[in-house]
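Those letters in the sequence shown? Residues 51 to 326, per this note's numbering, in order. Every residue gets a Cβ at the ideal spot worked out from N, C-alpha and C, and that includes glycine. These figures come from a predicted structure and were not determined experimentally.
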Amino acid sequence: MLYILLQSAGGIPPSQRTSPWWFFGTVMVIMTIFLIDQCIVYEIHLSKLHKYLFSLSPERRRILEERFYYYNRLSEKDQRSFRKRVHHFLVNKKFTSDEGFEVTEEMKVMIAAAATLIVFHLQAYYLSHFDAIHISNDEMESLRHMHKKKEVDIPWNDFRAGFDSFHDGYNPGLKILAMAFTLEQQLNNRSSKMFRFTAYNDLFQLYKKVAEKYIASGKSEYKDYSEVDRNEYFAVAVEYFFERPEHFYANQPAMYLALTKVLKQDPLNRSRYKRI
Numbered sequence: 051m052l053y054i055l056l057q058s059a060g061g062i063p064p065s066q067r068t069s070p071w072w073f074f075g076t077v078m079v080i081m082t083i084f085l086i087d088q089c090i091v092y093e094i095h096l097s098k099l100h101k102y103l104f105s106l107s108p109e110r111r112r113i114l115e116e117r118f119y120y121y122n123r124l125s126e127k128d129q130r131s132f133r134k135r136v137h138h139f140l141v142n143k144k145f146t147s148d149e150g151f152e153v154t155e156e157m158k159v160m161i162a163a164a165a166t167l168i169v170f171h172l173q174a175y176y177l178s179h180f181d182a183i184h185i186s187n188d189e190m191e192s193l194r195h196m197h198k199k200k201e202v203d204i205p206w207n208d209f210r211a212g213f214d215s216f217h218d219g220y221n222p223g224l225k226i227l228a229m230a231f232t233l234e235q236q237l238n239n240r241s242s243k244m245f246r247f248t249a250y251n252d253l254f255q256l257y258k259k260v261a262e263k264y265i266a267s268g269k270s271e272y273k274d275y276s277e278v279d280r281n282e283y284f285a286v287a288v289e290y291f292f293e294r295p296e297h298f299y300a301n302q303p304a305m306y307l308a309l310t311k312v313l314k315q316d317p318l319n320r321s322r323y324k325r326i
């Protein structure tokens with residue numbers, strides 16, 4: 051169709067109007083542009099293209115099955131999708147550490163799985179705003195620090211402790227990665243639609259009402275809602291959402307349901323969401 055329109059408009063030189071090579075060349079250009087666009091959307095690095103074709107290695111799959119509780123709760127179909135995303139994350143991300151601190155396969159897989167869990171029912175995102183995942187035994191860094199260094203800092207001992215016990219409300223790894231995803235959404239144009247605006251805004255409108263009421267009671271360390279770090283609140287909410295969903299729902303049902311709409315998943319299985 052494109053060829054016919056251009057020919058009738060006089061846009062093709064007379065010597066080429068009957069040549070099939072012009073047509074095939076145009077098709078190839080269009081296909082190349084489309085493929086490049088898809089690589090950008092799905093965060094596929096052309097230099098690593100061959101690596102995406104492989105599946106998660108047996109060793110990494112074993113770590114996932116033995117160490118990541120949430121993975122074992124998924125259906126077989128969702129487990130395949132989860133492994134695929136974990137593998138993609140591991141291909142995309144560079145892992146660094148302090149001198150003398152060894153990065154193991156367990157560290158890589160667990161961090162990739164935790165990141166995958168948060169956005170599993172959303173379009174896949176791989177924290178492309180950050181150049182690396184830095185693992186150490188230091189204390190958790192602030193959001194501002196991560197933004198400045200363009201690294202997600204993971205204190206491994208704290209991270210591992212969060213996944214060693216379930217449903218105790220303590221999982222700094224999920225909190226750190228949720229903070230990283232909020233920063234990703236704000237600073238990376240390709241990820242700006244990670245969380246749907248309406249659902250995301252509804253969550254924070256609900257939180258504002260609760261926070262302002264609590265501040266007014268005089269029990270809060272804050273004197274005004276403007277002092278509250280929304281990104282940190284979101285991170286804490288995500289941590290609690292997966293760690294203690296029953297308690298979250300019992301105490302703040304409206305906010306719990308609002309967060310299920312943001313993440314498109316419900317740990318209590320009260321609502322069913324189609325994965326994007």
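Length of the line joining the Cα atoms of Met51 and Phe74: Reliability fails at Met51, whose pLDDT of 46 lies under 50, so the model's placement of it is uncertain and the value that follows must be treated cautiously. Answer to the nearest angstrom: the Cα atoms are 13 angstroms apart.
Chain-order list of residues whose beta-carbon lies under 8 angstroms from that of Glu201 (same chain, five-residue window excluded): Thr146, Phe180, Asp181, Ala182, Ile183, His184
Same chain only: Cβ atoms within 7 angstroms of Gln129, ignoring 5 sequence neighbours per side: Its chain contains Tyr121 as the residues whose beta carbon lies nearer than 7 angstroms to that of Gln129, once the 5 sequence neighbours on both sides are disregarded; these appear in chain order.
Secondary structure of Pro317, DSSP reduced to three states: coil
Secondary structure of Ser97, DSSP reduced to three states: Helix at Ser97.
Exposed unless 16 or more other CB atoms sit within 10 angstroms - verdict on His195: His195 should be labelled exposed.
Exposure label - Gly223; buried when at least 16 CB within 10 Å: With a 10 Å radius around the Cβ and a threshold of 16 neighbouring Cβ atoms, Gly223 comes out buried.
Where Thr146 sits in the DSSP three-state scheme: strand
Residue range of the beta strand (DSSP E) that includes His217: That residue, His217, is in no beta strand (DSSP E); it is neither H nor E in DSSP.
Asp218 beta carbon less than 8 angstroms from that of Glu293: Between Glu293 and Asp218, the C-beta gap is smaller than 8 angstroms, which places the two residues in contact.
Per DSSP, cross-strand counterpart(s) of Ile161: Partner(s): none; Ile161 has no beta bridge.
Distance CB(Leu106)-CB(Arg133) smaller than 8 angstroms: yes
3-residue-minimum beta strand (DSSP E) runs that sit fully inside the stretch 107-134, ordered along the chain: none
Validate contact between the stretch 203-213 and the stretch 233-249 using beta carbons, cut 8 angstroms, 3 pairs: no
Spatial neighbours of Tyr275 in its chain, beta-carbon cut-off 7 angstroms, leaving aside the 5 residues before and after: Lys258, Ala261, Glu262, Ile265
Nearest-angstrom Cα separation, counted from Ala228 out to Thr166: 11 angstroms
Stretch pair the stretch 307-316 + the stretch 148-165: three plus CB contacts closer than 8 angstroms: no
Neighbourhood of Arg325 by C-beta, 6 angstroms cutoff - its chain only, sequence neighbours within 5 removed: His171
Leu307 versus Tyr299: straight-line alpha-carbon distance, rounded: 8 angstroms
Glu189 - partner residues in DSSP beta bridges: None; Glu189 has no bridge partner.
Candidates Trp71, Lys144, Ser186, Val169: closest to Glu152 by CA position: Ser186
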